[in-house]
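To start, the structure under review is shown below, and the notes come after it.
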Amino acid sequence: DQQVKQNSPSLSVQEGRISILNCDYTNSMFDYFLWYKKYPAEGPTFLISISSIKDKNEDGRFTVFLNKSAKHLSLHIVPSQPGDSAVYFCAARVGSSNTGKLIFGQGTTLQVKP
Amino acid sequence: NAGVMQNPRHLVRRRGQEARLRCSPMKGHSHVYWYRQLPEEGLKFMVYLQKENIIDESGMPKERFSAEFPKEGPSILRIQQVVRGDSAAYFCASSKNSDTEAFFGQGTRLTVV
């Protein structure tokens with residue numbers, strides 16, 4: 001049972017344009033959502049997060065939006081840069097006392113073309 | 001401050017052999033998590049340990065897999081009698097407390113031939 005789903009395996013955008021990565025979840029008990037970025041042969045690197053009590057969190061070029069009623073979140077990157085090319089994972093957790101136990105989506109490979 | 005260190009980075013084992021994967025958490029971190037990533041899939045939680053204790057092993061296969069985090073030294077993920085289906089990338093993450101952010105290591109890529 002895939003509780004966190006990233007339905008787009010890949011996304012290609014032009015440098016300078018907006019990248020929008022999507023994520024859907026099924027478990028209404030998730031209280032915290034995170035996005036990780038992963039380069040080949042490296043571990044995931046934390047990018048940005050959002051608590052379930054918020055609907056938006058922004059950090060520089062990265063903004064995460066949460067729509068609880070639709071059980072959907074998205075990551076916006078603007079403007080996109082070639083160095084953003086990587087695999088992006090959406091992750092969710094249940095409860096604030098177990099921050100390392102995360103449920104990951106399958107990942108979306110982003111390619112930003114110069 | 002060194003990050004989470006995993007070794008070896010690459011490990012090749014023949015079917016039936018044992019694989020030992022090591023994880024040294026970040027300095028000051030006493031919580032360790034192990035994840036497995038199969039090809040074309042996301043990371044799957046395996047086990048959560050604190051020093052000398054297994055807190056949550058709900059993601060560990062019932063047989064052949066074990067994990068420990070001794071008082072001294074790194075955390076070890078041990079896979080006995082490996083099979084080809086164990087070939088994957090194994091990631092370790094650590095956190096300072098149970099309610100602080102976890103940081104990932106670079107992973108160990110296990111190949112069973």
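Chains as they are written, first to last, in this note's numbering: chain A, 1 to 114; chain B, 1 to 113. Ideal Cβ placement from N, Cα and C applies to all residues, glycine included. Values in this document were obtained by computation on a predicted structure and should not be read as measured data.
query = Which residues in the same chain as A/SER8 place their Cβ atom closer than 7 Å to its Cβ, once the five residues preceding and following it in sequence are excluded?
reply = In the first sequence, residue 8 of chain A corresponds to position 8, counting from 1. Closer than 7 Å at the Cβ level, and outside the excluded window around A/SER8, lie ASN22, THR108.
ask   = So is A/PRO79 in contact with chain B if we call contact Cβ pairs under 8 Å?
value = Taking the first sequence and counting its residues from 1, the one referred to as residue 79 of chain A is at position 79. Taking Cβ atoms only, chain B never reaches closer than 8 Å to A/PRO79, which makes this a no.
key: Reduced DSSP secondary structure (H/G/I, E/B, other) of B/ARG64   = Position 64 of the second sequence, counted from the start, is the residue given in the question as residue 64 of chain B. Looking at B/ARG64 - three-state DSSP - the assignment turns out to be coil, as it is neither helix nor strand.
ask   = Is the Cβ-Cβ distance between A/ASP24 and A/LYS71 less than 8 Å?
value = Within the first sequence, numbered from 1, the residue matching residue 24 of chain A stands at position 24. Within the first sequence, numbered from 1, the residue matching residue 71 of chain A stands at position 71. For A/ASP24 and A/LYS71, yes; Cβs fall inside 8 Å.
query = What does DSSP give as the partner residues of B/HIS10 in its beta bridges?
reply = Translated into the one-based positions of the second sequence, residue 10 of chain B becomes position 10. According to DSSP, residue pairing for B/HIS10 in a beta bridge involves B/ARG109.
inquiry  = By DSSP's criteria, A/SER51 is part of a beta bridge. Which residues make up the other side?
reply    = As a working note, residue 51 of chain A is residue 51 in the first sequence. Per DSSP, A/TYR32.
B/ASP56 (DSSP reduced to helix, strand or coil) = The residue given as residue 56 of chain B occupies position 56 in the second sequence. Strand, per DSSP.
task = Can you pull the chain E residues whose beta carbon is under 9 Å from the beta carbon of B/TYR90, in chain order?
result = Note that chain E does not occur in the displayed structure, where the protein chains are A and B.
ask   = For the beta strand (DSSP E) that contains A/ASP59, what are its first and last residues?
value = Here residue 59 of chain A refers to the residue found at position 59 of the first sequence. Its beta strand (DSSP E) spans residues 56-59.
query = What does a CB cutoff of less than 8 Å around A/LYS113 pick up in its chain, not counting 5 residues either side in sequence?
reply = Walking along the first sequence from the start, residue 113 of chain A turns up at place 113. Excluding residues within five positions, the ones whose Cβ falls inside 8 Å are SER12, VAL13, GLN14, GLU15, PRO82.
key: chain A contact for B/GLU67 (CB, 8 Å cutoff)   = Position 67 of the second sequence holds residue 67 of chain B. The sequence given here places Ala at residue 67 of chain B; Glu does not occur at that position. Taking Cβ atoms only, chain A never reaches closer than 8 Å to B/ALA67, which makes this a no.
task = State the start and end residues of the unbroken beta strand (DSSP E) segment that holds A/PHE65.
result = Stepping through the first sequence from its first residue, residue 65 of chain A is reached at position 65. For A/PHE65, the uninterrupted beta strand (DSSP E) segment begins and ends at 62-67.
key: Proximal residues of chain B, C-beta to C-beta of A/LYS101 below 7 Å   = Stepping through the first sequence from its first residue, residue 101 of chain A is reached at position 101. Ordered by position in chain B, the residues that pass the 7 Å Cβ test against A/LYS101 are TYR33, PHE45, TYR48, ASP56.
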